[in-house]
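**Student:** Structure incoming, see below.
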Amino acid sequence: MNQSRNTIALIIFSALFLTAVFACKSSKKAVAKQDQYAPVAQTEPAAKGRSSLEDDYRAMTAAYTPWADVSVPVKVQVKKPKNISVSGTLSMSYGKSMSLTLKMLFIDVATVYADTDSVIIVSKAAGAYFAESMKRFTAASGLTLADLQSLMLGQAFTPGNGTAKPNQASQFSLAEDKEISGEDFRAWSMAPKKMPKGVDWHFTAIAPTTNDTQVTPQIFALDIEAGTNKLLCTFAQSELTAAGTIASMMQIEGSVKKHAVDMVISGSASRASWNTGRTPTRPSIPRNAKRLGTEQIFKMLNKF
7 MNQSRNTIAL IIFSALFLTA VFACKSSKKA VAKQDQYAPV AQTEPAAKGR
57 SSLEDDYRAM TAAYTPWADV SVPVKVQVKK PKNISVSGTL SMSYGKSMSL
107 TLKMLFIDVA TVYADTDSVI IVSKAAGAYF AESMKRFTAA SGLTLADLQS
157 LMLGQAFTPG NGTAKPNQAS QFSLAEDKEI SGEDFRAWSM APKKMPKGVD
207 WHFTAIAPTT NDTQVTPQIF ALDIEAGTNK LLCTFAQSEL TAAGTIASMM
257 QIEGSVKKHA VDMVISGSAS RASWNTGRTP TRPSIPRNAK RLGTEQIFKM
307 LNKF
């Protein structure tokens, strides 16, 4: 019974981690692997003579398509702090709400829900839940629900304004990263110019350097650091969808409060349903359920 509760606590932690990844403060450069770059073909040829990072930014964000809602099967594989695997469904209504239901052996074990008012994680099996104000989260990180939804799709976003647009290049500091760049591609950092005090993070993007290529520049890493907490998010498996170019896989590695973290969230883009008008349902909190704080969840993790 205790093992079952500990497993559920780990799942709640994983779900909490997905929604709170940006609560950290960042200052380090991303360290990315070159073989993780897997760009997809553009619908239109890339402009010849491309030379500036601003052009790369505009080409990347022009590959994003406005969307209203999506529902997609996902798999969450947690390797650290303990090895578990759960399946689920990610449902999102852009800028309004999102829900991630997680199952183990076909049994609902946790639901992550967020809207413009709050972030809620409920585990009926454990009789516990976590709740936080979205306003507080936004004040601490500078990010909105739409920003988090863009993150889940592996798309760049402008803090506070959702998916990044081609005419927003001036809101970022762009700089080439020659340590990562290769012979046929150029890596560059993309850091928001305006963030709340004490918050600092940036994307790493990559683009081809040849003039006749037809591949799309895209982000493939996001680095976050806060004190001893360090995280690196990498994106892979690019696909063309109703939302334009997205990444079907996100890996989060690092450490949080001395706990090693390594998890992969992957979605089945071929089975996704786009723009159907469906809205995620806010989960009900069971009567007598215990409210858990972040520190309590970490204390439960100490038992592993």
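For the sequence shown, the numbering used here assigns the number 7 to the initial residue and increments by one for each residue that follows. From the three backbone atoms N, C-alpha and C, an ideal C-beta is built for every residue, glycine too.
Here's the rule I'm using: 16 or more other beta-carbon atoms within 10 Å means buried, otherwise exposed. How should Ile113 be labelled?
**Tutor:** The residue is exposed, with fewer than 16 neighbouring Cβ atoms inside 10 Å.
**Student:** For Ala52 and Phe143, I'd like the C-alpha separation in whole angstroms.
**Tutor:** Per-residue confidence for Ala52 stands at a pLDDT of 40, beneath the threshold of 50, marking its modelled position as unreliable; no derived number is given.
**Student:** How would you write the range of the alpha helix (DSSP H) that Gln177 sits in, first residue to last?
**Tutor:** Note, Gln177: premise wrong, no alpha helix (DSSP H); not H, not E.
**Student:** For Asp75, count neighbouring Cβ atoms within 10 angstroms of its own Cβ and tell me buried if that reaches 16, exposed if not.
**Tutor:** Under this definition Asp75 is a buried residue.
**Student:** Could you tell me if Gly283 is buried or exposed, where buried requires 16 or more neighbouring beta carbons within 10 angstroms of its beta carbon?
**Tutor:** That one is exposed.
**Student:** Tell me the rounded alpha-carbon separation between Ala295 and Ala278.
**Tutor:** Roughly 33 Å between the two C-alpha positions.
**Student:** If you count every other CB in all the chains shown that lies within 10 Å of the CB of Ala134, and 16 or more means buried, which is it?
**Tutor:** It counts as buried.
**Student:** Just reading off the beta strand (DSSP E) that Met196 is part of, what are its end residues?
**Tutor:** Residues 191–198.
**Student:** In the structure shown, what three-state DSSP assignment does Leu108 receive?
**Tutor:** Leu108 falls in the strand class under three-state DSSP.
**Student:** Cα separation between Ser274 and Ala242?
**Tutor:** Near 13 Å, if we compare the C-alpha coordinates of Ala242 and Ser274.
**Student:** Taking the C-alpha atoms as reference points, what is the distance between Leu159 and Thr67?
**Tutor:** One C-alpha to the other measures close to 13 Å.
**Student:** What is the rounded straight-line gap between the Cα of Lys311 and the Cα of Phe163?
**Tutor:** Only positions 7 to 310 of the chain appear in this structure, which leaves residue 311 out of reach.
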